Structure formats: structure tokens, C-alpha cells
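Numbering of the sequence shown is given in the working numbering, commencing with residue 37 and proceeding in unit increments.
From the three backbone atoms N, C-alpha and C, an ideal C-beta is built for every residue, glycine too.
Just so we're clear, the structure is a prediction, and the values are computed from it rather than from any experiment.
Comments concern the structure below.
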Amino acid sequence: MLSYLSRKPGGRAKFRRIMHRRPHAAYRFATLLMVLIYILLFEYLMIWENQPENANAITAIYWATSTIATVGYGDVVFHSQIGRLFSVIVQVVGIIMISGFLLSYIVMPWMDRTIKFRMPRKAPSGMKEHIIICGYNQLVETLIDELAEQEIMFVIVDDDVELVRELVYKDIPCISGNPSDKQTLINASVDKARLLIANKSDERNANIVLTAREFAHLSIIAIVEDRSNSKYLKYAGADTVVSPKSMFGQFIGRKAMDRLVSRVTGATEIFEGVHITEFPIYLKSPLIGKTLREVSSQHVTGARIVGIWKSGSLSFDPKEDDVIRGNSVLLAVGTPEQLSKLKKLTH
Numbered sequence: 037m038l039s040y041l042s043r044k045p046g047g048r049a050k051f052r053r054i055m056h057r058r059p060h061a062a063y064r065f066a067t068l069l070m071v072l073i074y075i076l077l078f079e080y081l082m083i084w085e086n087q088p089e090n091a092n093a094i095t096a097i098y099w100a101t102s103t104i105a106t107v108g109y110g111d112v113v114f115h116s117q118i119g120r121l122f123s124v125i126v127q128v129v130g131i132i133m134i135s136g137f138l139l140s141y142i143v144m145p146w147m148d149r150t151i152k153f154r155m156p157r158k159a160p161s162g163m164k165e166h167i168i169i170c171g172y173n174q175l176v177e178t179l180i181d182e183l184a185e186q187e188i189m190f191v192i193v194d195d196d197v198e199l200v201r202e203l204v205y206k207d208i209p210c211i212s213g214n215p216s217d218k219q220t221l222i223n224a225s226v227d228k229a230r231l232l233i234a235n236k237s238d239e240r241n242a243n244i245v246l247t248a249r250e251f252a253h254l255s256i257i258a259i260v261e262d263r264s265n266s267k268y269l270k271y272a273g274a275d276t277v278v279s280p281k282s283m284f285g286q287f288i289g290r291k292a293m294d295r296l297v298s299r300v301t302g303a304t305e306i307f308e309g310v311h312i313t314e315f316p317i318y319l320k321s322p323l324i325g326k327t328l329r330e331v332s333s334q335h336v337t338g339a340r341i342v343g344i345w346k347s348g349s350l351s352f353d354p355k356e357d358d359v360i361r362g363n364s365v366l367l368a369v370g371t372p373e374q375l376s377k378l379k380k381l382t383h
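What follows is the structure, given as C-alpha cells:
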């Protein structure tokens, strides 16, 4: 079937997709094909070396498997230089195949299970008067930088295992679990927290707010994607509903800023000490040609670029490798100091 797919029009792409989705099947197929080639070459070389008694399928399979496994009983051997070179190649490839199999299908899955088992399930002991942040994205990344600078304790709650693993590697306080589950919030020490920020999808935020509202002392901020859903999150019990996209929209119409004013103007505060504003890129700006990663680095500005207007369209999902052009407009989030640094570089 696999050979049929590869010959069929468009079949090669389908064949590659099957191999990509089924790595175990691809590995077995490649191994079987390689062993078959070894068997055929073994029989050919045995006839070439005048050892016809060994040129049969059973002996060929026996030699191939023992050589791949590097067992090497020594009862069936080549006498020519070509035959010995062939044996060395089979042994080396066999070592690589066995090592790859052990690493990919035994060692790594075991490590993944072990790491997952050790995922943080409870907030660090002694945490109180902290902020629980349900969900992690670029805005939260900026927020936690400010919280860390002000020595305000926080914990990220998310059910994305890969994301939590990355946060653990970065030494960011976090726990793995469903943020709308009461026990998860209890594990996050919600009874000692002062604020919860729901930062998932609107539907999930509603469930998070409903669960968190059982803790009467807690202040709740909900981040909403669709502003029309704000009232429902209010009904669910959110004290404050914030719409970052709505804030972004306030800046789209402005294409110029006063070059003579050194301070940042028109900034909107989205959290305490964290603002968002728009920066047009002027001609001869030193930022032109740089990537967003370079601009956001701490030694340049430290501000986070969360949106970019270019070629007549606004993207709320800019990539770190996006290059700034002369007609770009940046939507940046940061402290007033960080935004002031960025403004000076836009001129």
C-alpha cells in the first residue's frame, strides 16, 4: 500500500504525511527494508566469495540479525575486504538503529512520563497575598516581569503540559491543572490569594470565574477576547473585565505622534504600572531592519511588541523574527520607562 501511495498522483505527499503521523510505522518500514537489502547483498557477496553453502535465506537472515545486534558469533564470516567492509557498515548502522529505538521509544517516553508525573501540582509553600493567573501569553509575560520587579508573588495555572514544562524550566511559579477546577484553585492557595486573573478563552474564562467566585474574598479580573461577552463574564462574577483587543483598536487610527514630546503620550494603562501604546516607525529610525526580538530585548527597550501594523493590516500575533519596516506601526506593552526608550528609537 505504501509503494502504491508513493506512485499515485499526489501520493508522495500523502505517504510523507502517513510517515509523519505514524513514526513507529515509518521506523518499522525502514528497518524491514534495510534488513531485506542486507539479506540480498549478503547472498550476492557469499556467491562472489565462492561460499555458495551460505548463500541461502536462512543463513542470510541469521547473519543479518546477529550483525545488526552486534552479537557477532563468528561462524559465518566474509573473507574479502569488500565483505568485511560490508560487515562493518551493517554493525555501525545496527548500533545507530538500536540506540535510536531505545532513545525514541523507551528512554524519551519514560522521561516524559516522569517529568509529567513530577509536574507542579501545588503552589509553593508560604505563598499568600499572591495573584493567581489562569493562562499564559505575551501580555502575562509582560505582567509577571513587573510583578517580579515589585516583589509581588504570583502563580500561573494552566493545563497545557508543554507550557507548564517550559515555565518550570524558566523557574516561573506555576502549577499544572484545569483552572476551572475547584481543587486546582485550592492547590494554587486561592484561600490566601488576593487576586485572580482569568486569561483563557471567553468560554473557559466564564467557567473559571464561576468557580473562583465561590471564594468571596477574591477579586477577579477576566480578560475578554470578544467585547460583547463582557456582560456575561460580569454576570459570572468577575469584578473587572478587560478587553486588550479593544484597547489595541483605540490606537489603529493614529498614525503620527508629536516628535517634540519626550514622554509617551496616548498610553492606556491595562494593569498597574503596565501600559500599551502605538509607535509609528519614522524614516531613518534605527529600528528599521531589526527584528521584534532585538527590539524587545532588555538591553534595548524591554518593551513587548504585542501587535504590528504593516502593509495595511494589523497582526495581533507578531513573530519574534518579524522585521520592522519604515511603514510599520508597533503596538507595545511595558512600563512608562520601557515605552519611553522605545519611542526615542522610533524617530
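Beta-bridge annotation (DSSP): Leu-231 is paired with Ile-167, Ser-255.
The segment 196 to 203 makes no contact with the segment 242 to 256; the number of CB pairs closer than 8 Å stays below 3.
Annotation: Gly-110 to Met-133 spans about 22 Å, alpha carbon to alpha carbon.
By a beta-carbon distance limit of 8 Å, Leu-175 contacts Val-369. Their separation comes to about 6 Å. Within the same chain, Cβ atoms closer than 7 Å to the Cβ of Trp-99 are found at Phe-78, Val-112, the five residues on either side in sequence being excluded. Separation of the CB atoms of Leu-366 and Ile-317 is rounded to 7 Å, and the pair is thereby assigned contact status at 8 Å. Distance from the CA of Leu-76 to the CA of Ser-135, rounded to the nearest whole angstrom, comes to 25 Å. Pairing Ala-224 with Ala-184 gives a Cβ-Cβ distance that is not under 7 Å.
Distances from the CA of Ile-233 to each of Leu-72, Thr-276, Ala-66, Leu-375 were compared; the closest alpha carbon is that of Thr-276. Shown here, Leu-366 sits in a strand according to DSSP, grouped into three states. Annotated as proximal: Ala-274 and Ile-256, with beta-carbon spacing under 7 Å. Note that the C-beta distance between Phe-114 and Ser-102 is not below 7 Å. Partner residues in the beta bridge of Asp-194, as assigned by DSSP, are Ser-212.
Contact check for Asp-358 and Ile-344: beta-carbon distance about 6 Å, within the 8 Å limit, so the pair qualifies.
Val-176: member of the alpha helix (DSSP H) spanning 174 to 185, first to last residue.
Here Gly-343 carries a strand assignment [DSSP, helix/strand/coil]. Annotation: Lys-355 to Val-107 spans about 51 Å, alpha carbon to alpha carbon.
Between Ser-279 and Arg-263, the C-beta gap is smaller than 7 Å, which places the two residues in contact.
Around Ile-180, the same chain offers Ile-169, Phe-190, Ile-192, Ile-208 as residues with beta carbons nearer than 8 Å, after the five sequence neighbours per side are excluded. Sequence-distant Cβ neighbours of Phe-251 in its own chain, meaning closer than 6 Å and more than five residues away, are Val-226. For Thr-220, the enclosing alpha helix (DSSP H) covers residues 218 to 223. In this chain, the beta strand (DSSP E) harbouring Pro-316 covers 310 to 316.
For Thr-276, the enclosing beta strand (DSSP E) has its first and last residue at 276 to 278. Setting aside the 5 residues that flank it on each side, Ser-364 is surrounded in the same chain by Ile-317, Ile-344, Trp-345, Lys-346, each with a C-beta closer than 7 Å to its C-beta; the list follows chain order.
The three-state reading of DSSP puts Thr-337 in coil, since its state is none of H, G, I, E or B. The DSSP-derived three-state label of Thr-371 is coil. Between the beta-carbon of Asp-194 and that of Tyr-172 there is about 6 Å, and that keeps the pair under the 8 Å contact cut.
When secondary structure is reduced to three states using DSSP, Thr-95 falls in the helix class. Between the alpha carbons of Tyr-268 and Arg-340 lies a distance of about 30 Å.
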